[in-house]
Amino acid sequence: MFEIVLEVIGGIVVIAVLLVILLLVSLKVQSYMYDLKKVEGYRNYEKDLVYLHAFPRASAKQVPNISPFAIKLETWLRVHKLKYKLVETYKFSTKKSQIPFIMFNGEEIADSQMIIQYLSKYFGLDDTEGLSAELQAASRAFRILIENSFSWTYFCYRYVHHYLLFKKVHQLPRGPFLNTLSRLMLKMGINSNSRGAGIGRHTPQEIYAIGADDIRAISKFLGDKKYLCGDKITVVDCAVFGQLVQVSEVKSLPYPQRDVIESECPNVRTYIDRIKGEFWPDWTMLTSDGEFE
Ligand SMILES: N[C@@H](CCC(=O)N[C@@H](CS)C(=O)NCC(=O)O)C(=O)O
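Just so we're aligned: 65 in UniProt numbering is position 65 of the sequence shown, and the numbers increase by one with no gaps anywhere.
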């Protein structure tokens, strides 16, 4: 009798595991295989209007987008007063399988930096104009620092080390089951990617120390300048802003990186507020339904 019960339980567990695997595979396949022709901005597009495909605003709390790369791109579009329309979606680009991407004059362009390069060329914009070679090089180095080092430190914090807290704060508007499932996939994905990048092999404390040092470097380089390269905002500021607000503005999560900004780097705090005030006058409105108790 006992053996039969065990067998039945075993069978149920196997079926449940198979179902979860099937669901995971179908979610992955679904995100790869969608028809680009049906994507907004492919057909009947408005000429020179940037269709910015990014996660829905509602999936983030206290920031206008959960993707730092989407905030970087949207800030840059606002800086240059380019006409854009936010297309809220969970679909990744067909070319790079990442988000954000844009549809522009019927063409799909992926990767925030490549999009900026493409649009800069198209509209004849050059925000490095007049900058010394040294500043241009530093600007690139800081962009790489914020996107390839700092970002991991809070991705690990929110997706791996404090996954349950993050899940509670940022609810995907998809229902509890898919929400839990996609968060789990995110946790496993970020865990494995961060280990691949190297940083995920460190202890949480070592990872946060790297994030703290990245912020201190930005603070030192910023000094009392208005923006990182001087009086004019450039792409590196958009990139830094998109990443920093993910920790500085999401007060519901006690990011250790925010403590460094608040306690040691007042110039970084002012810098974030300056960009928010100048280019995101609608910040409160866009994030007001994101208040979290
Ligand atoms: N280098 C890309 C990075 C974009 C990126 O990492 N996007 C994340 C969302 S914030 C993503 O799509 N992740 C899914 C994946 O990498 O599979 C950019 O600048 O746009």
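By construction, the Cβ of each residue, glycine as well, lies at the ideal position given by its N, Cα and C atoms.
Cα-Cα separation, residue i to residue j
i: Glu-134; j: Ile-261; result: 26 Å
i: Tyr-271; j: Lys-232; result: 12 Å
i: residue 313; j: Tyr-118; result: Residue numbering for the chain in the displayed model covers 1 to 293; residue 313 lies beyond these limits and cannot be assessed.
i: Ser-67; j: Phe-55; result: 7 Å
i: Tyr-163; j: Asn-193; result: 16 Å
i: Ala-110; j: Lys-83; result: 18 Å
i: Leu-19; j: Gly-11; result: 12 Å
i: Asp-35; j: Phe-155; result: 30 Å
i: Met-185; j: Ser-120; result: 35 Å
i: Gly-130; j: Ile-215; result: 26 Å
i: Gly-277; j: Val-17; result: 49 Å
i: Ala-197; j: Met-188; result: 14 Å
i: Thr-284; j: Asp-273; result: 12 Å
i: His-202; j: Pro-254; result: 20 Å
i: Ala-60; j: Ser-248; result: 14 Å
i: Ser-93; j: Ala-217; result: 33 Å
i: Glu-46; j: Val-8; result: 59 Å
i: Ile-4; j: Val-14; result: 15 Å
i: Asn-148; j: Phe-69; result: 12 Å
i: Ser-263; j: Glu-206; result: 19 Å
i: Trp-280; j: Ala-239; result: 15 Å
Reduced DSSP category for residue i - H, G, I as helix; E, B as strand; rest coil
i: Met-276; result: Residue 276 is actually Lys in this sequence, not Met. Helix.
i: Lys-85; result: strand
i: Glu-3; result: helix
i: Glu-46; result: coil
i: Val-63; result: coil
i: Gly-198; result: coil
i: Thr-203; result: coil
i: Glu-291; result: For Glu-291, the predicted model reports a pLDDT of 47, less than 50, meaning its position is unreliable and no value from the coordinates is stated.
Cβ pair residue i, residue j closer than 8 Å
i: Arg-57; j: Glu-88; result: yes
i: Thr-287; j: Gln-62; result: yes
i: Phe-123; j: Val-236; result: no
i: Tyr-42; j: Ile-102; result: no
i: Ile-146; j: Gln-246; result: no
i: Phe-77; j: Ser-112; result: Reading off the sequence shown, one finds Leu at residue 77, where the question assumed Phe. Taking 8 Å as the Cβ cut-off, Leu-77 and Ser-112 do not qualify as a contacting pair.
i: Gln-257; j: Tyr-227; result: no
i: Val-160; j: Ile-190; result: yes
i: Phe-150; j: Gly-211; result: yes
i: His-170; j: Pro-100; result: no
i: Phe-241; j: Thr-75; result: yes
Bridge-paired residues (DSSP) for residue i
i: His-53; result: Val-87 and Phe-101
i: Glu-40; result: Arg-43
Contact with chain D by residue i, beta-carbon distance below 8 Å
i: Ile-21; result: Of the protein chains in the structure, only one exists, and it is not chain D.
Q: Note down, one range per segment and in chain order, each alpha helix (DSSP H) of at least 4 residues found wholly within the UniProt domain "Metaxin glutathione S-transferase" (212-275).
A: 235-248 and 256-264
Q: Could you name each continuous alpha helix (DSSP H) segment of 4 residues or more that falls completely within the UniProt domain "Thioredoxin-like fold" (68-161), going from the start of the chain to the end?
A: 68-79, 112-123, 133-145 and 151-155
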